[in-house]
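First residue of the sequence shown: 343, per this note's numbering; consecutive thereafter.
Built from N, CA and C at the ideal position, the CB exists for glycine as well.
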Amino acid sequence: MTKPRLWITRRLSDATLERAARDYDTVINHEDTPGSADALIAASAEFDAIIPCHSEHFSADVAAQLDPRLKIIANHSVGVDHCDLPALAARGITVTNTPDVLSDATAELAMLLMLGAARHAVAGDRIVRTGAWDFWSPSFMVGKQVTGSRLGIIGMGRVGRAFAAKARGFDMEIHYYNRSPLPEDIAAGATYHDTVESLLSVADFLSLHCPATPQTTNLMNAERFALLPKGAVMVNSARGALVDEAALLKALASGQIAAAGLDCFQVEPGGNPAFAAHDNIFMLPHIGSATTRTRDAMGFRALDNLDAFFAGQTPKDKL
Ligand code: DGY
């Protein structure tokens with residue numbers, strides 16, 4: 343039987359690529375460059391399936407130009423803000439993502455961001471590394487203690503819950519905002535807030551875990567930063583679109599926000615050059631799910647979705 347033709351837009355894990363090559367007529371973009379709109383449109387005439395990452399943008403404009411040969415886009419990501427889902431659905435294209443398997447890795451990175459931002463990781467590392475550490479005092483690099491503090495989580499989906507589980511190890515008092523409250527056994531003692539504003543008023547530490555949608559664009563803006571307790575720490579390991587970066591800089595400058603830990607930026611790759619001058623911003627280059635185990639699991643989950651689709655079943659993660 344002829345194998346379906348599959349295009350893999352980026353260099354996925356070796357285990358993923360081996361399995362893909364075994365089961366599909368696979369072409370891999372070994373150059374590992376992001377797929378342009380033209381490349382996606384051209385590929386749709388040659389391939390039955392594409393495994394893209396969040397670096398490939400299936401806008402409404404691209405969706406409208408896709409060849410009917412393309413049947414499924416099996417994303418190698420949980421976030422799908424790079425896909426115009428209604429436009430792809432209108433073209434009859436199945437779209438899947440990779441939930442669950444990256445929750446722990448992303449939550450672990452959010453914890454690193456929170457600790458790093460709270461405890462001066464940027465300045466501390468630099469001062470030791472550059473040989474500039476020539477002074478110590480009890481008032482030197484005093485940070486904000488995570489243990490026992492109040493944590494606000496916006497978006498109590500899989501990653502938000504995984505982050506809450508890790509935060510419980512730090513005895514944090516957990517509060518959350520979600521569209522609806524979680525069942526009590528899952529909330530595990532976390533306090534529900536039915537508005538973002540109510541949550542912010544208690545969030546000495548704030549972590550964002552909701553998807554980027556038109557409704558959540560600039561979710562954290564000047565008005566909302568002002569609602570946080572003075573000296574709060576904000577962490578974003580979800581999507582850059584959630585934060586008004588100019589407002590964040592102002593909140594940091596005024597001391598309203600003591601520090602921020604960011605793995606996501608409005609412009610990626612690259613980030614915000616204006617952040618570089620600020621030691622109280624601890625930054626990483628969108629690597630929340632970047633562990634060997636999780637990258638294998640994401641690749642396998644995307645392939646599981648393809649296997650189901652080509653076996654005539656509904657893929658587990660069909661959106
Ligand atoms: C995701 O899965 O959405 C991560 O941000 C990596 O793309």
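For the segment 599-637, list the beta strand (DSSP E) runs that are entirely contained and at least 3 residues long, ordered along the chain.
599-604, 623-625
Outcome for I435 when other beta-carbon atoms lying within 10 angstroms are tallied against a minimum of 16
buried
Expressed to the nearest angstrom, what Euclidean distance is found between the alpha-carbon atoms of R492 and N371?
45 Å
For V488, tell me which candidate among A601, A379, I414, E398 has the shortest Cα-Cα distance.
A601
Less than 8 Å between C-beta atoms, sequence neighbours within five positions excluded: which residues of the same chain meet that for D586?
N560, M562, N563, A564
Quick one: what's got a C-beta closer than 7 Å to R500's C-beta in the same chain, skipping five residues either side?
P441, D442, S445
Does the distance between the C-beta of H620 and the nearest non-hydrogen atom of the ligand DGY fall short of 7 Å?
no
Any non-hydrogen atom of the ligand DGY within 7 Å of C552 CB:
no
What did DSSP end up calling N520 once you bin it into helix, strand or coil?
coil
Any heavy atom of the ligand DGY closer than 7 Å to the Cβ of S419?
yes
If you compare alpha carbons, which of D649, S631, S540 is closest to S355?
S631
With a threshold of 8 Å, are at least 3 pairs of Cβ atoms found where one atom belongs to the segment 606-622 and the other to the segment 578-598?
yes
In terms of residue numbering, what span does the beta strand (DSSP E) encompassing M576 cover?
574-578
Could you please give the first and the last residue of the uninterrupted beta strand (DSSP E) stretch that includes R353?
From DSSP, R353 is part of no beta strand (DSSP E); its letter is neither H nor E.
Per DSSP, what kind of secondary structure is L542 in: helix, strand or coil?
helix
What are the boundary residues of the beta strand (DSSP E) that includes G531?
Premise fails: G531 is in no beta strand (DSSP E) and is neither H nor E.
Answer yes or no: the CB of L604 versus the heavy atoms of the ligand DGY, is any distance below 7 Å?
no
8 Å contact criterion, which A416 and L648 should meet: CB distance rounded:
5 Å
At what residue ranges does the segment 464-515 contain a whole run of the alpha helix (DSSP H), taking only runs of 4 or more?
500-510
Residues bridged to A416 [DSSP beta-bridge criterion]:
T438
Who are the Cβ neighbours of A449 in its own chain at under 7 Å, not counting the five residues just before and after it?
V501, A504, F505, K508
How would you call T472, buried or exposed, if buried means at least 16 neighbouring beta carbons within 10 angstroms?
exposed
Across which residues does DSSP place T555 in a beta bridge pair?
According to DSSP, T555 bridges with nothing at all.
CB contact flag (G485, A460, <8 Å)
yes
Would you say S662 touches the ligand DGY, meaning its beta carbon is less than 7 Å from a heavy atom?
The first residue shown for the chain is 343 and the last is 661, placing residue 662 beyond what the model contains.
Residue(s) in a DSSP beta bridge with F400:
C425
Cβ of H620 within 8 Å of Cβ of L584?
no
Tell me whether M453 sits in a helix, a strand or coil according to DSSP, three-state version.
helix
Between which residues of its own chain and A429 is the CB-CB distance below 6 Å, once the five residues before and five after are set aside?
A402, A405
Can you check DSSP and say which residues form a bridge with T368?
L348
With DSSP run on the structure shown, which of helix, strand or coil describes F567?
helix
Just the C-alpha distance for L359 and D374, rounded to the nearest angstrom, thanks.
13 Å
Helix, strand or coil at L645 [DSSP, three-state]:
helix
Taking the CB atoms as reference points, tell me whether S419 and H399 lie closer together than 8 Å.
no
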